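Residue numbers (mature numbering (1 follows the signal peptide of the UniProt record, and there is no 0)): -21 to -1, 1 to 550.
Heads up: the structure comes next, in structure tokens.
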Amino acid sequence: MSMKSIVWIVAWLSSVTVAVAAESRPNVILVMTDDQGWAEIGFHGNNVLKTPNLDRFAAEGTELTNFYVSPMCTPTRSSLMTGRYHFRTGAHDTYIGRSNMNPEETTIAEVFAGAGYRTGIFGKWHLGENFPMRAQDQGFQKVVVHGGGGIGQFADYPGNTYWDPTLQYNDTFKKAEGYCTDVFIDESIQFMKDSGDQPFFCYLPLNVPHSPFHVADEFRADYDKQNLADPDGRKWVAPIYGMITQFDGAFGRLLEAVEKMGQRENTIIIFMSDNGPNSTYFTAGLRAKKGSVYENGIRSPFVIQWPQTLDGGRKFDTPAMHIDLLPTLADACGIGLPADFKVDGKSILGLLHGQTQEFQQRYLFMQHNRANVPPKYKNCMTRRGPWKVVGNRGGPTGFELYNIEQDPGETQDLADKHPDIVKAFVREYETWFDDVTTQLRRNDGMPYPTELNPEQKLDFRFTWQDWWGDKTGWRPNNYGRWRMSNPGLIDRFDISIVPHRQHHGQSATVKFIWMDKTIVKELDDVPSQVELTDIRLPKGTGFMEAQLLINGKVRAVQEVQIRAHSTAKTK
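Quick look at the structure:
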């Protein structure tokens, strides 16, 4: 058990709400799809897309129609896990080191595990690939996940596909059987059954309908026949809609399983998405898509059911955000949060009961940038009540103002008519930005380091997902370094350097660099893997590099794998 978990057990015992008896504590199931837009669902007026189970769930549940998330995957996940704005957590973008969440952050899984809940994650983590940033290091007791930001990406298990994927089951890899969505749903159902009388927190961050857009023909056939296409002509719509329809059936099976277990009345079930869509075939009039802070980039479908406590069939348009979920769920489950645990969100349990007044005048903020240090005023928004200010020009002027209640499509810029509102909102934004980006600006956006700790049983894998620098990217002509810490708990290592396939067979010099240690090998014929065995690495924290020098130019390698030597001593 981690020290953070022990601290949370002590904190919970001293602050738990007495009124919630252990035997009556609700279970929690949080289902979050990946890149499913607010309008990519039947109950928001999409007459093409078939989602009967989700439609029924919404009709019988409580819906927040102005629920905001971040415009991209990782930022939403870090805010959801911590109740804090993503810039604070270090996990503020989806790749090149910016998806490593500060391991000192307290997660919702640690809060619930510390309060006696059984915790499980099934799907996409995307907040760090190695110790101490993996899901199992951050409070999840049962882990079934793919790697990186999507199945088949560089940080995922090599050669993975949506059917029969090889997934990480805590500290082992195992080949599953079936389509990825079904695998994650089935594993979550088994997790809930195995929990017995212990309350559970089940996190289902599914990877659909994220690219690659793969789904069985039976689910996309009807959409293919309609020749659906985005306004710009892209033909992604049919497979995306097919993935959502396939998920809808699996979601219905999840609800049925909870019912059969006799847990339905006292189980909180939430359905939401992580950001806006890739497809803009149908947006219900909302503007833009994934990556943008206009409404279609950050507004998520959000429905919650808790039959024992919440009345169904209601909708509230008061704005709320992903940062509210940790304090809300802790509140609902009688888990008191210590006074020194600082979250940016607040419990919206009252809002879900219809007490809207308290939440209507608070400021909500959002910003997303693909940069180590986010630039001020760029791709940002501030929302309060009906008003929303958007900044896109990268400077302190030129902000747009919209009345979202009257103009959800953000078609009428009212900034010239209400300059005082704009000025007040920008002032609030500036204060917020300076606060939440303090650490990123202080350390130039450096990622949190992987630690070569024997607690990680699998090989440490350093891929293009995690490297950092000015020339990083996901191509062989990019280059970066990996931030790593060696605490000296393992005395000797084996290192595998994996060159990119386009460099195989060439003459090259390979260099492995860690702090003041450099290992050089001359190669007449670059192989698929370069092995360095029985290597001692100096203690410390810094940047690890692996280079191929070909014709005098530095080339990137695809990944570096590090493991304890077979006879290594560990502390």
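Think of the CB as a built atom: it goes at the ideal place given N, C-alpha and C, for glycine as much as any other residue.
The structure displayed is predicted, hence computed values, not measured ones.
Assuming the contact rule is C-beta atoms closer than 8 angstroms, residue i and residue j should be a hit. Round their C-beta distance to whole Å, please.
{"i": "P50", "j": "K239", "result": "Contact doesn't hold; Cβ gap of about 38 angstroms is too wide."}
{"i": "K103", "j": "H125", "result": "6 angstroms"}
{"i": "G388", "j": "L265", "result": "6 angstroms"}
{"i": "R515", "j": "D473", "result": "At roughly 12 angstroms, the Cβ-Cβ gap does not stay under 8 angstroms, so R515 and D473 are not in contact."}
{"i": "V216", "j": "S174", "result": "V216 to S174, Cβ: 39 angstroms. No contact."}
Please classify residue i: does DSSP put it in a helix, a strand, or coil?
{"i": "Q284", "result": "strand"}
{"i": "W411", "result": "helix"}
{"i": "T262", "result": "coil"}
{"i": "P478", "result": "strand"}
{"i": "Q169", "result": "helix"}
{"i": "L343", "result": "strand"}
{"i": "E84", "result": "coil"}
{"i": "H65", "result": "helix"}
{"i": "Q537", "result": "strand"}
{"i": "H125", "result": "strand"}
{"i": "I314", "result": "coil"}
{"i": "residue 554", "result": "Residue 554 falls outside the range modelled here, since the chain spans only -21 to 550, and no answer is possible."}
{"i": "A(-3)", "result": "Model confidence at A(-3) stands at a pLDDT of 38, short of 50, so the residue's coordinates are unreliable; what they give is reported in the following sentence. A(-3): coil per DSSP, three-state reduction."}
{"i": "K402", "result": "helix"}
{"i": "E430", "result": "strand"}
{"i": "D150", "result": "coil"}
{"i": "T335", "result": "coil"}
{"i": "N25", "result": "coil"}
{"i": "M(-21)", "result": "Because the pLDDT at M(-21) is just 47, under 50, the model does not fix this residue reliably, and the value given afterwards should be weighed accordingly. Coil."}
{"i": "R349", "result": "coil"}
{"i": "F119", "result": "coil"}
{"i": "T307", "result": "helix"}
Would you kindly report the start and end of the unbroken alpha helix (DSSP H) that includes residue i?
{"i": "residue 626", "result": "The structure shown does not extend to residue 626, since the chain spans only -21 to 550, so no value can be given for it."}
{"i": "A200", "result": "D196 to K204"}
{"i": "L419", "result": "T417 to R421"}
{"i": "L328", "result": "L328 to L331"}
{"i": "G21", "result": "First-last for G21: undefined, no H or E at that position."}
{"i": "G276", "result": "E274 to I277"}
Can you tell me where the beta strand (DSSP E) with residue i in it begins and where it stops?
{"i": "residue 552", "result": "Only positions -21 to 550 of the chain appear in the structure, and residue 552 is not among them; the question remains open."}
{"i": "D449", "result": "W447 to K450"}
{"i": "C359", "result": "C359 to R363"}
{"i": "G459", "result": "Y458 to N465"}
{"i": "F295", "result": "R293 to F295"}
{"i": "E42", "result": "T41 to L43"}
{"i": "E510", "result": "V509 to I514"}
{"i": "G99", "result": "R97 to K103"}
{"i": "S174", "result": "Segment: none, S174 is in no beta strand (DSSP E) and carries neither H nor E."}
{"i": "M251", "result": "T246 to S252"}
Starting from residue i, follow its DSSP beta bridges and name the residues at the other end.
{"i": "P184", "result": "M11"}
{"i": "L380", "result": "V368"}
{"i": "L502", "result": "A487"}
{"i": "E524", "result": "I492"}
{"i": "S57", "result": "Partner(s): none; S57 has no beta bridge."}
{"i": "A543", "result": "F472"}
{"i": "G519", "result": "N465"}
{"i": "A299", "result": "F46"}
{"i": "I529", "result": "K532"}
{"i": "T442", "result": "E538"}
{"i": "Y141", "result": "According to DSSP, Y141 bridges with nothing at all."}
{"i": "Y158", "result": "W142"}
{"i": "N6", "result": "T246"}
{"i": "T497", "result": "I492"}
{"i": "residue 551", "result": "Because the chain spans -21 through 550 in this model, residue 551 falls outside it and cannot be assessed."}
Is there a Cβ of chain D sitting closer than 8 angstroms to that of residue i, yes or no?
{"i": "D473", "result": "Checking the listed chains, one finds no chain D in this structure; it contains a single protein chain."}
Quiz item: Would you call the region 302 to 319 and the region 29 to 44 in contact, with 3 or more CB pairs under 8 angstroms?
Solution: no
Quiz item: Between the region 308 to 316 and the region 63 to 74, do at least 3 Cβ pairs fall closer than 8 angstroms?
Solution: no
Practice problem: Indicate whether the contact test is met: 3 or more Cβ pairs, each with one atom in the region 520 to 537 and one in the region 450 to 463, closer than 8 angstroms. | Solution: yes
Quiz item: Does the region 286 to 296 come close enough to the region 71 to 82 to have 3 or more Cβ pairs within less than 8 angstroms?
Solution: no
Quiz prompt | contact_flag[the region 479 to 496, the region 530 to 537] where n(CB pairs < 8 angstroms) is 3 or more | solution = yes
Quiz item: Three or more beta-carbon pairs under 8 angstroms between the region 12 to 25 and the region 271 to 289, yes or no?
Solution: The answer is yes - the region 271 to 289 touches the region 12 to 25, with three or more Cβ pairs under 8 angstroms.
Self-check item: At least three beta-carbon pairs within less than 8 angstroms, the region 88 to 108 to the region 176 to 186
Solution: yes
Quiz item: Quick check: the region 418 to 427 against the region 77 to 96, are there 3 or more CB pairs under 8 angstroms?
Solution: yes
Quiz item: Are three or more beta carbon pairs between the region 475 to 489 and the region 167 to 182 nearer than 8 angstroms?
Solution: Remark: fewer than three beta-carbon pairs, one from each stretch, lie closer than 8 angstroms, so the region 475 to 489 and the region 167 to 182 are not flagged as touching.
Quiz item: Would the region 346 to 358 and the region 413 to 421 be scored as touching if the rule is three or more Cβ pairs under 8 angstroms?
Solution: yes
Quiz item: Do three or more CB pairs link the region 24 to 40 to the region 120 to 139 at distances below 8 angstroms?
Solution: no
Quiz item: Is the number of C-beta pairs between the region 404 to 416 and the region 116 to 125 that are closer than 8 angstroms three or more?
Solution: no
Quiz item: Between the region 246 to 255 and the region 2 to 10, are three or more C-beta pairs nearer than 8 angstroms?
Solution: yes
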